[in-house]
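The working numbering puts the first residue of the sequence shown at 456, with every later residue one more than the last. Read the structure below first, then the notes.
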Amino acid sequence: MPLHYTAQKIPIVNIAPGQIAQVVNLEFQRVQNAMNLAGGSLIQNRTILASDNVSSTDGVVYADTTAGNVTATLPYASQYSGMKVGFKMVAGANIYTVQINPNGSDTIIDATPSSQTSITVTGTVKWLHSDGISKWNQL
456 MPLHYTAQKI PIVNIAPGQI AQVVNLEFQR VQNAMNLAGG SLIQNRTILA SDNVSSTDGV
516 VYADTTAGNV TATLPYASQY SGMKVGFKMV AGANIYTVQI NPNGSDTIID ATPSSQTSIT
576 VTGTVKWLHS DGISKWNQL
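Pasting the structure below:
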């Protein structure tokens with residue numbers, strides 16, 4: 456039986472400036488618990504604030520859009536066969552976006568499924584899985 460995870464939406468207006476790290480840690484713990492229940496392994500989280508590259512050690516990438524748009528670039532799918540990584544917007548207003556880009560000529564296969572050159576993250580976690588060749592499939 457598949458396990459479904461629903462991300463918690465936390466309005467930024469209810470978070471004091473010093474509490475953003477606590478909110479990120481709370482959301483990380485919820486994701487980690489869901490992964491453990493599904494038989495997954497311990498994952499690492501990381502928060503990015505602007506443009507950054509996804510690394511092989513990233514399990515969940517939290518994108519803090521407080522200061523503006525955030526762009527995450529995936530590694531080559533061929534270098535990380537079977538890698539799974541999640542993306543979640545954790546702060547900021549709806550006027551900002553989180554964009555995930557593949558590397559080089561790699562593509563992202565979204566939930567439709569159709570081939571994309573990038574995808575945008577909104578309120579829920581988006582999980583991607585490397586096919587080990589040239590595609591990141593949205594789970």
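Built from N, CA and C at the ideal position, the CB exists for glycine as well.
Beta-carbon spacing of Asn556, Ser569 below 8 Å: Contact flag unset, no.
Sequence-distant residues of the same chain with beta carbon closer than 6 Å to Met456, five excluded per side: Only weak support exists for where Met456 lies, its pLDDT of 43 falling under 50; the value from the coordinates is given anyway. Residues of the same chain with a CB within less than 6 Å of the CB of Met456, apart from the 5 flanking positions on each side, do not exist.
Beta carbon of Thr526 nearer than 8 Å to that of Ser506: For Thr526 and Ser506, yes; Cβs fall inside 8 Å.
Which of helix, strand or coil DSSP assigns to Ser585: If DSSP states are grouped into helix, strand and coil, Ser585 belongs with the strands.
Residue of Leu529, Gln534 and Val553 minimising C-alpha distance to Gly523: Closest in C-alpha terms to Gly523, from the list Leu529, Gln534 and Val553, comes Val553.
Nearest candidate by alpha-carbon position, reference Asp586, set Asp519, Gln593, Glu482 and Ala532: Among Asp519, Gln593, Glu482 and Ala532, the Cα nearest to that of Asp586 belongs to Ala532.
Leu594 beta carbon less than 8 Å from that of Ile563: Contact annotation: Ile563 and Leu594 have beta-carbon atoms that are not nearer than 8 Å.
Cα-Cα separation, Tyr517 to Gly541: Near 8 Å, if we compare the C-alpha coordinates of Gly541 and Tyr517.
Option in Gln499, Val545 and Thr512 with minimal Cα separation from Thr577: Ranking Gln499, Val545 and Thr512 by Cα distance to Thr577 puts Val545 first.
Nearest neighbour of Trp591, chosen from Asp561, Thr567 and Thr579 [CA to CA]: Among Asp561, Thr567 and Thr579, the Cα nearest to that of Trp591 belongs to Asp561.
Backbone CA spacing between Met538 and Asp519 [nearest angstrom]: Cα-Cα distance, rounded: 23 Å.
Euclidean distance between Cα positions of Thr521 and Arg501: C-alpha separation (whole angstroms): 16 Å.
Asp513 vs Gln534 beta-carbon contact at 8 Å: No; because the gap between Cβ atoms is not below 8 Å, this pair is not in contact.
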